[in-house]
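Asks:
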Amino acid sequence: DWTPQSFVEETVEDLQNKLGNDKVVLGLSGGVDSSVAAMLLHKAIGKNLYCIFVNNGLLRKNEFTDVLEQYKGMGLNVKGVDASARFLDALAGLSDPELKRKAIGRAFIEVFDDEAHLIEDVKWLAQGTIYPDVIESVSATGGPSATIKSHHNVGGLPDFMKLKIVEPLKALFKDEVRRVGASMDMDATLLGRHPFPGPGLAIRILGDITAEKVRILQEVDAVFINGLKEWNLYDKVWQAGAILLPVNSVGVMGDERTYEKCVALRAVESTDGMTADWVNLPYEFLQKTSNDIINKVKGVNRVVYDISSKPPATIEWE
Ligand code: XMP
């Protein structure tokens, strides 16, 4: 009989036998899978697990510092690497969604490889791969392995990709991963987090990326997500976020005519991201959120709500 407790016990023992006194490097994303994988490895090998959490500058507002603190509080041996400037540089002038994804994938690999080189005699690369990633080979959603794949085609392998691979969650589905995390007393807010794409806000800022656009979208997103939490809607939604449109529209503020940005809000129900329905959020919530965004976020004067389902639309706009 499969129980999260027995899974943890068996996996920790297997990991100890397999890894012995070897060092292991793992990239934390802030998401459920990499976090649970890290906890399992931490239980098994403690300080020999070296976690790297990269700030690509495209995370949600305050996410890098908050989640890094949370990881440290869990006892993980984690290093936060703020590479925001490097990613912004890599993105400069790019508008095409696939080019943006590739630039981010490449920058991530460079940063991660640099960091992995600092760990003397590291032998293993741990990944939070789960069963659906294995069967779909992730290409559909373009997760971390997809960025690795596109790099793969470009040239030689970066050194960290020559490491031996350890994937403790490879046989689990998402809900099992959450149960395993809960059985290790991991924080419910960490385990209940919405999925968030690897390229982050870069694929929610349509067109080219600037630091100012990232700042605006982080503010808008924070008002929306915090609102969902306050209204007890966060856990009823599978994924939510805001999109910064490459459109200015006319508005009025006091006696002044404004000509500012428009943002779209998106909230979907789904089980695996392959299909999705837009969520019928309460009008009162949408009304309050729209007012809050326009009043609090300078540079935005219009909010729209995305009522498209997947297919034929996708969850992300890029
Ligand atoms: P779409 O937009 O294809 O998204 O309906 C389905 C799910 O995948 C996520 N997504 C990504 N995740 N890298 C990722 O790690 C990506 O490039 C990427 N593109 C989309 C999206 O957030 C949704 O959960």
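In full-length UniProt numbering, each number is its position in the sequence shown, counted from 1, plus 193.
Every residue gets a Cβ at the ideal spot worked out from N, C-alpha and C, and that includes glycine.
#1: Excluding five sequence neighbours on each side, which residues of the same chain lie with their C-beta closer than 6 Å to the C-beta of Gln-411?
#2: What are the partner residues of Ala-457, as DSSP defines its beta bridges?
#3: Would you check whether the ligand XMP has a heavy atom nearer than 6 Å to the C-beta of Thr-451?
#4: What are the boundary residues of the alpha helix (DSSP H) that includes Gly-420?
#5: With DSSP as the reference, identify every bridge partner of Gly-220, one or two as the case may be.
#6: Measure the CB-CB distance between Asn-494 and Thr-451 and report whether it falls below 7 Å.
#7: Thinking just about the alpha-carbon of each residue, which of Thr-482, Pro-390, Glu-509 is nearest to the one in Leu-251?
#8: What residues match up with Ser-442 in a beta bridge as DSSP calls it?
#9: Tell me the rounded alpha-carbon separation between Ala-230 and Leu-311.
#10: Of the residues Ala-375, Lys-454, Asp-428, which one's Cα is nearest the Cα of Lys-406?
#11: Buried or exposed: where does Val-445 fall if 16 or more other Cβ atoms within 10 Å of its Cβ makes it buried?
#12: Is it true that the CB of Leu-261 sits closer than 7 Å to the CB of Gly-273?
#13: Just the Cα atoms here: how many angstroms apart are His-344 and Asp-275?
#14: Near Glu-203, what residues of its chain come up, given a Cβ to Cβ distance below 8 Å and the 5 sequence neighbours on each side ignored?
#15: Which residue from Ile-486, Leu-426, Gly-466 puts its Cα closest to that of Asn-473?
#16: With a 10 Å radius around its C-beta and 16 neighbouring C-beta atoms as the bar for buried, classify Leu-208 as buried or exposed.
#17: Classify Thr-322 as buried or exposed, calling it buried when 16 or more other Cβ atoms lie within 10 Å of its own Cβ.
#18: At what residues does the beta strand (DSSP E) containing Leu-318 begin and finish?
#19: Give a single yes or no on whether Thr-507 has its beta carbon closer than 6 Å to a heavy atom of the ligand XMP.
#20: Quick one: what does DSSP say Val-373 is sitting in, helix, strand or coil?
#21: Skipping 5 residues on each side, what residues in its chain have a beta carbon closer than 8 Å to that of Asn-441?
#22: Examine the ligand XMP and report whether any of its heavy atoms sits within less than 6 Å of the Cβ of Pro-361.
#23: Could you spell out where the beta strand (DSSP E) holding Val-274 opens and where it closes?
#24: For Val-490, name the three-state secondary structure that DSSP assigns.
Replies: Taking the definition as stated:
#1: The residues are Lys-254.
#2: Note: Ala-457 sits in a beta bridge opposite Ile-436, Val-497.
#3: For the ligand XMP, not one heavy atom lies less than 6 Å from the Cβ of Thr-451.
#4: Start and end: 404–423.
#5: Answer by DSSP bridge pairing, in chain order: Ile-245.
#6: Result yes, Cβ atoms of Asn-494 and Thr-451 sit closer than 7 Å.
#7: The shortest Cα separation from Leu-251 among Thr-482, Pro-390, Glu-509 belongs to Pro-390.
#8: Answer is Glu-453, bridged to Ser-442.
#9: So the alpha carbons of these two residues sit roughly 22 Å apart.
#10: Comparing alpha-carbon positions, the option among Ala-375, Lys-454, Asp-428 lying closest to Lys-406 turns out to be Lys-454.
#11: Under a 10 Å Cβ-count criterion, Val-445 is classified as exposed, with fewer than 16 other Cβ atoms of the shown protein chains found around its own Cβ.
#12: Yes; because the gap between Cβ atoms is below 7 Å, this pair is in contact.
#13: In this predicted model, His-344 has a pLDDT of only 43, less than 50, meaning its place in the structure is not dependable; the value taken from the coordinates is given anyway. Between the alpha carbons of His-344 and Asp-275 lies a distance of about 22 Å.
#14: Nothing meets the Cβ criterion.
#15: For the residues Ile-486, Leu-426, Gly-466, the minimum Cα distance to Asn-473 belongs to Leu-426.
#16: Leu-208 is buried by the Cβ-count criterion.
#17: Only buried fits Thr-322, as 16 or more other CB atoms lie within 10 angstroms of its CB.
#18: Unbroken beta strand (DSSP E) run through Leu-318: 315–319.
#19: Indeed, a heavy atom of the ligand XMP lies less than 6 Å from the Cβ.
#20: Looking at Val-373 - three-state DSSP - the assignment turns out to be helix.
#21: Around Asn-441: Tyr-452, Glu-453, Lys-454, Cys-455.
#22: No, Cβ of Pro-361 sits at least 6 Å from all heavy atoms of the ligand XMP.
#23: Counting along the chain, the unbroken beta strand (DSSP E) around Val-274 starts and ends at 271–275.
#24: Judged by DSSP in its simplified three-state form, Val-490 adopts coil rather than helix or strand.
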